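Asks: This is the structure I want to talk about, given as C-alpha cells.
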Amino acid sequence: MKKINLLLIIVRVFVRVLVAGATGFVGRELVRVLFEKGHDILILTRNVESAVLKIPAGCKVIEWSPNVNFLAPSLISKVDVVINLAGENIADGRWTKKRKKKILDSRVMSVKRLAEALKFLNHKPKLFISASAIGYYGNCDAKEIDEKTSIGNGFLSDVCQKWENEIFEIEKLGIRTVACRIGMVLGHDGGVLKRMILPFKLGLGGKLGTGKQWISWIHINDLVNILVYTMEDASINGVINAVSPNPTMNIDFTSVLGKTLNRPTIFALPTFFLRFIFGELSELLLGSQRVLANRMLDKGFKFQYGKLEDALMEVCRHPC
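Below, the structure is given as C-alpha cells:
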C-alpha cells in the first residue's frame, strides 16, 4: 500500500496542467493549489506583465488572446490536463447588446481556439475541464435541479448552451471532457461577496426582491477541490454541478451574512427598483436556482464548507 501511495505522489508531481483564465478570482486560487501540489503549470493570459504578479513564480506564462489570435499547438505540447476558466465577468455592467456579445464571445472563442490547437497535438491531454455555469438552467423558482435537468430560458441559458456545445466538441478528440456548472462563488479575494461586504458592514444590507429566490453557492476552496478531484478521478466526465449541497434562499443568505458581520439587514431592495437600475442584469439577482450537487456527492466528494454559516464565517475572517 505504501508503494502505491508513493507512486501516486510521484505521478501527481509530474502532471502538466494548462490553465486559461488563471488570473481571475477562481483561477488564482486553483493555480496556487496546483503549484503547491507540485504540478507543472502553464498559464495562458492576455497580459503577461499583470499575470506574473498574481501567480507563483515557477509557472510558465504564454501571452494569448482567443479573440485575436490562434494558439500554436507547439506551445502546449505534452500537456496532460487543460483547465479553462476564461470568460468575461457577467456582472461588470448592464447587459447591453455589445456587452452580451463580449460575454458570449469570451467563453465560446476560448474553447474554440483551444480545440483548434488540441486537435493538432500528437500527445493529446487526458482531460479537458471547462467552467460553465448554473445559468444553464435558467429561472426555476423552488424546483430542485440536478445535472439531468433540461436547459432553461434567457440570456445566460443561451450563453451556457453555446459554451457547452464547444466544450463537448473536444470530447470528440478522444479527450475526457468535463463541463463544471459553477454556482455563486464565495471567497474573500473576489466574487460577489467582495462587493457585498462593505454595504453590509455599514448596516445597509437587506434582501433582494421578495428574498424567496434560491441561491446556489459554493466556497472557493470547495470549487478548487472539485477541480482537483476531477483531475484525480478518471470516472468523472460530462456535466457536474459545482455548488454546495445546501442551497439557500436570498432572505436566509442575507440574514446569515448580517449575523456573521453582526450588522442589521433591514434595507431591502424591491424588485421594480433592481430591474430599473440593472435592466436585464437583474436576472442575476432575482432569478431562482435551487441546484443540487448530486454527481459530486455520488462520486464521494466531501465538502469542506457545506453549510453557509461556516462558509461565510471563513470568508469574513479575511479583510475584503
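In our numbering, each number is its position in the sequence shown, counted from 1, plus 425. Just so it is clear, CB atoms sit at the ideal spot from N, CA and C, and this is done for glycine as well. The structure presented is a predicted model; accordingly, all values stated were derived computationally and were not measured.
1. Residues in the same chain with beta-carbon distance under 7 Å from E572, minus the five sequence neighbours each way, listed in chain order, please.
2. Determine contact between the segment 542 to 551 and the segment 582 to 592, defined as no fewer than three beta-carbon pairs at a distance below 8 Å.
3. Exposed or buried, which one is G704 when buried takes at least 16 other CB atoms within 10 Å?
4. With distances taken from CA atoms, which of H743, T685, L710 and V681 is nearest L694?
5. Among the candidates G463, N494, N492 and P498, whose CA atom is the shortest distance from the CA of C484?
6. Which residue marks the beginning of the alpha helix (DSSP H) containing E488, and which one marks its end?
7. Nearest CA to the CA of L793: which residue from L459, W489 and F450?
8. Quick check: the segment 651 to 664 against the segment 596 to 609, are there 3 or more CB pairs under 8 Å?
9. Going by DSSP, what residues sit across from I508 in a beta bridge?
10. Taking the beta carbon of T736 as the centre, do at least 16 other beta carbons fall within 10 Å, making it buried, or is it exposed?
11. Are the beta-carbon atoms of N578 and G563 separated by less than 9 Å?
12. For L598, which of V584, P624, L552 and G631 has the nearest alpha-carbon?
13. Take D647 and list the residues in its own chain whose beta-carbon comes closer than 6 Å to its own, dropping the five residues that flank it on each side.
14. Would you kindly work out how many angstroms separate the C-alpha atoms of D723 and L717, rounded to a whole number?
15. Starting from T679, trace the alpha helix (DSSP H) in both directions and tell me its first and last residue.
16. Let's see if you can read the secondary structure: which residues bound the beta strand (DSSP E) around V664?
17. From the DSSP output, which residues share a beta bridge with R471?
18. Please classify E454 as buried or exposed, where buried requires at least 16 neighbouring CB atoms within 10 angstroms.
19. Select from K503, S499 and S575 the residue whose C-alpha is nearest the C-alpha of C565.
20. Relative to the C-alpha of I643, which residue among G452, S502 and K732 is closest?
21. Can you tell me where the beta strand (DSSP E) holding L529 begins and where it ends?
22. Take the Cβ of A511 as the centre, count every other Cβ of all protein chains shown within 10 Å, and call the residue buried at 16 or more, exposed below.
23. Just mark T521 as buried or exposed, buried being the case when its beta carbon has 16 or more other beta carbons within 10 Å.
24. Report the residue ranges of all alpha helix (DSSP H) runs contained in full by the segment 599 to 647; include only those spanning at least 4 residues, in chain order.
Replies: According to the structure data:
1. Within the sequence shown, the letter at position 147 stands for residue 572. Cβ within range, chain order: V664, I665, N666, N719 and R720.
2. The segment 542 to 551, when compared against the segment 582 to 592, does not touch it at the 8 Å Cβ threshold.
3. As a working mapping, residue 704 is identified with position 279 in the sequence shown. Exposed, by the Cβ-count rule.
4. Sequence index remark: in the sequence shown, residue 694 carries index 269 (1-based). The alpha carbon of L694 has as its nearest neighbour, out of H743, T685, L710 and V681, the alpha carbon of L710.
5. Within the sequence shown, residue 484 is the residue found at index 59, counting from 1. Among G463, N494, N492 and P498, the Cα nearest to that of C484 belongs to G463.
6. Against the sequence shown, residue 488 aligns to sequence position 63. From DSSP, E488 is part of no alpha helix (DSSP H) but of the beta strand (DSSP E) over K485 to E488.
7. Examination of residue 793 is not possible in this model, given that the chain is present from 426 through 745 alone.
8. Taking a cut-off of 8 Å on C-beta distances, the segment 651 to 664 touches the segment 596 to 609, as three or more cross pairs fall below it.
9. In the sequence shown, counting from the first residue as 1, residue 508 sits at position 83. Per DSSP, V444 and I554.
10. By one-based count along the sequence shown, residue 736 stands at place 311. A small correction: the amino acid at residue 736 is Ala; Thr does not occupy that position in the sequence shown. Per the 10 Å Cβ criterion, buried.
11. What you label residue 578 is simply residue 153 of the sequence shown in a count that begins at 1. What you label residue 563 is simply residue 138 of the sequence shown in a count that begins at 1. Against a cut-off of 9 Å, the Cβ pair of G563 and N578 comes out as a contact.
12. Residue numbering aside, residue 598 sits at position 173 when the sequence shown is read from its first letter. For L598, the closest C-alpha among the options V584, P624, L552 and G631 is that of L552.
13. Mapped onto the sequence shown, residue 647 falls at position 222. Hits under 6 Å: F728, Q729 and Y730.
14. Counting from one through the sequence shown, the residue named residue 723 turns up at place 298. Counting from one through the sequence shown, the residue named residue 717 turns up at place 292. Approximately 11 Å, taken between the alpha carbons.
15. As a working note, residue 679 is residue 254 in the sequence shown. First-last of the alpha helix (DSSP H) with T679: N675 to L686.
16. Residue 664 sits at position 239 when you count from the first residue of the sequence shown. Counting along the chain, the beta strand (DSSP E) containing V664 begins and ends at G663 to A667.
17. The residue labelled residue 471 in the question sits at position 46 within the sequence shown. None; R471 has no bridge partner.
18. For the purposes of this step, residue 454 is taken as the residue at position 29 of the sequence shown. Its Cβ being crowded by 16 or more others within 10 Å, E454 is buried.
19. Taking the sequence shown and counting its residues from 1, the one referred to as residue 565 is at position 140. Measuring from the Cα of C565, the nearest candidate turns out to be S575.
20. In the sequence shown, the residue the question calls residue 643 occupies position 218. Looking at the Cα atoms, K732 is the closest of the given residues.
21. As a working mapping, residue 529 is identified with position 104 in the sequence shown. Taken as a continuous stretch (DSSP letters only), L529 belongs to no beta strand (DSSP E), being part of the alpha helix (DSSP H) at K522 to L543.
22. Indexing the sequence shown from 1 puts residue 511 at position 86. With 16 or more other Cβ atoms within 10 Å, it is buried.
23. Within the sequence shown, numbered from 1, the residue matching residue 521 stands at position 96. T521 is exposed by the Cβ-count criterion.
24. 616 to 626
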